[in-house]
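So the sequence shown is residues 20 to 308, counted in the numbering used here.
One structure below.
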Amino acid sequence: MSDSDERVTVATLRKMKERGEKVVMLTAYDYCTARLVESGGADVILVGDSLGMTVLGHPDTLPVTMEDMIAHTAAVCRGVSRPLVVADMPFMSFQVNAEQAVSNAGRLMKESGAQAVKLEGGEEVLPQVSAIRRAGIPVMGHIGLTPQAVHQLGGFKVQGRGVQAAKEMLVDAQLLEEAGIFSLVLECIPAEISAEISRNLSIPTIGIGAGPDCDGQVLVFHDLVGMFDDFTPRFVRRYAEAGELIQKAVCDYSADVRNGDFPGKKESFSTDPAVLRRLRDEWSAGEEH
Ligand code: KIV
Numbered sequence: 020m021s022d023s024d025e026r027v028t029v030a031t032l033r034k035m036k037e038r039g040e041k042v043v044m045l046t047a048y049d050y051c052t053a054r055l056v057e058s059g060g061a062d063v064i065l066v067g068d069s070l071g072m073t074v075l076g077h078p079d080t081l082p083v084t085m086e087d088m089i090a091h092t093a094a095v096c097r098g099v100s101r102p103l104v105v106a107d108m109p110f111m112s113f114q115v116n117a118e119q120a121v122s123n124a125g126r127l128m129k130e131s132g133a134q135a136v137k138l139e140g141g142e143e144v145l146p147q148v149s150a151i152r153r154a155g156i157p158v159m160g161h162i163g164l165t166p167q168a169v170h171q172l173g174g175f176k177v178q179g180r181g182v183q184a185a186k187e188m189l190v191d192a193q194l195l196e197e198a199g200i201f202s203l204v205l206e207c208i209p210a211e212i213s214a215e216i217s218r219n220l221s222i223p224t225i226g227i228g229a230g231p232d233c234d235g236q237v238l239v240f241h242d243l244v245g246m247f248d249d250f251t252p253r254f255v256r257r258y259a260e261a262g263e264l265i266q267k268a269v270c271d272y273s274a275d276v277r278n279g280d281f282p283g284k285k286e287s288f289s290t291d292p293a294v295l296r297r298l299r300d301e302w303s304a305g306e307e308h
């Protein structure tokens, strides 16, 4: 954990890498969760477009809109003061050209209060990364399994297994650092390749399914606490079964409502008996007329 209550900045993250301190990143998509994630000690909160699946119920991240990202990121920002908040740029908000990318990154920052944006891709997004950076907006990169390209990749699969693919990833990482990203997410790639990339870069790498030698780690909040059951990637470690806990709470509540146990005296308000008597008298007198 970075050493103070001060807001984590891109400079803090670079110093953490220099000191060999691991960066803790976690996704959050709403005010309450963001507060829990901050109090649990995360350095960075990613408002990932994974919210399309975990919160909005889409089959992948492609339908997520700028409006979705702005609303959820703004809710997260209202809840936290220490972690760096990074907002994902949704599918087709940056791919068309650098001009559109700057305009959408600016909108995300302005309307949500995030401190940085993240976008997926390697060499092909360098013009967008440079242009957003020139606008004064910190950019986090994301290579390996890039979920917005799921249909091109042929599914949610491990990337960079062959020599050529691994070489391309090393080159992409280098070029993205030169273009000015402050950190790089490595998703679902062999541990040895992410170790190599992490050694080669002076900015921190954040792994998800990328082995232990990245400079930091990220997981999707709903996976971490057992609240998303559609599928669980092999790289996830569940730290809680919150889904089961919540389901039990709802079952107990349903039973209590049905059998009249809820609400009880403790959860109800009462009025002075004299007020009640007068109300009844006046009401029945009124009915007689
Ligand atoms: O959208 C997301 O949550 C992400 C992380 C999995 C890195 O991009």
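Just so you know, even glycine gets a beta-carbon here, dropped at the ideal spot from N, CA and C.
Using the three-state DSSP reduction, which class does Asp191 fall into: helix, strand or coil?
helix
Any heavy atom of ligand 1 closer than 7 Å to the Cβ of Ile227?
Checking every heavy atom of ligand 1 against the Cβ of Ile227, one is found closer than 7 Å.
Using only the alpha-carbon positions, how far apart do Thr224 and Ala61 sit?
Straight-line Cα distance between these residues: approximately 16 Å.
Any contact of the region 141 to 161 with the region 187 to 206, i.e. 3+ C-beta pairs under 8 Å?
Per the Cβ contact rule, the region 141 to 161 is in contact with the region 187 to 206 (3 or more Cβ pairs under 8 Å).
For Leu295, does the count of other Cβ atoms within 10 angstroms reach 16, so buried, or fall short, so exposed?
exposed
Give the list of continuous alpha helix (DSSP H) stretches no shorter than 4 residues that lie fully inside the region 81 to 106.
DSSP runs (the alpha helix (DSSP H)) wholly in the region 81 to 106: 85 to 98.
With respect to 7 Å, is the separation between the Cβ of Glu206 and the closest non-hydrogen atom of ligand 1 below this value?
yes
So, for Val74: in the same chain, excluding its five sequence neighbours on each side, which residues have a beta-carbon less than 7 Å away from its beta-carbon?
Taken in chain order, the residues that qualify are Tyr48.
How long is the line joining the alpha carbons of Gln193 and Glu187, rounded to whole angstroms?
C-alpha separation (whole angstroms): 10 Å.
What does the alpha-carbon distance come out to for the pair Val276 and Gly140?
Rounded to the nearest angstrom, the two C-alpha atoms are 51 Å apart.
Classify Asp107 as buried or exposed, calling it buried when 16 or more other Cβ atoms lie within 10 Å of its own Cβ.
Burial state of Asp107 is buried, judged by a 10 Å Cβ sphere holding 16 or more other Cβ atoms.
From the DSSP output, in three-state form, read off Leu238 for me.
strand
Mind listing, in chain order, the continuous alpha helix (DSSP H) runs of no fewer than 4 residues lying wholly within the region 205 to 263?
210 to 219, 240 to 243
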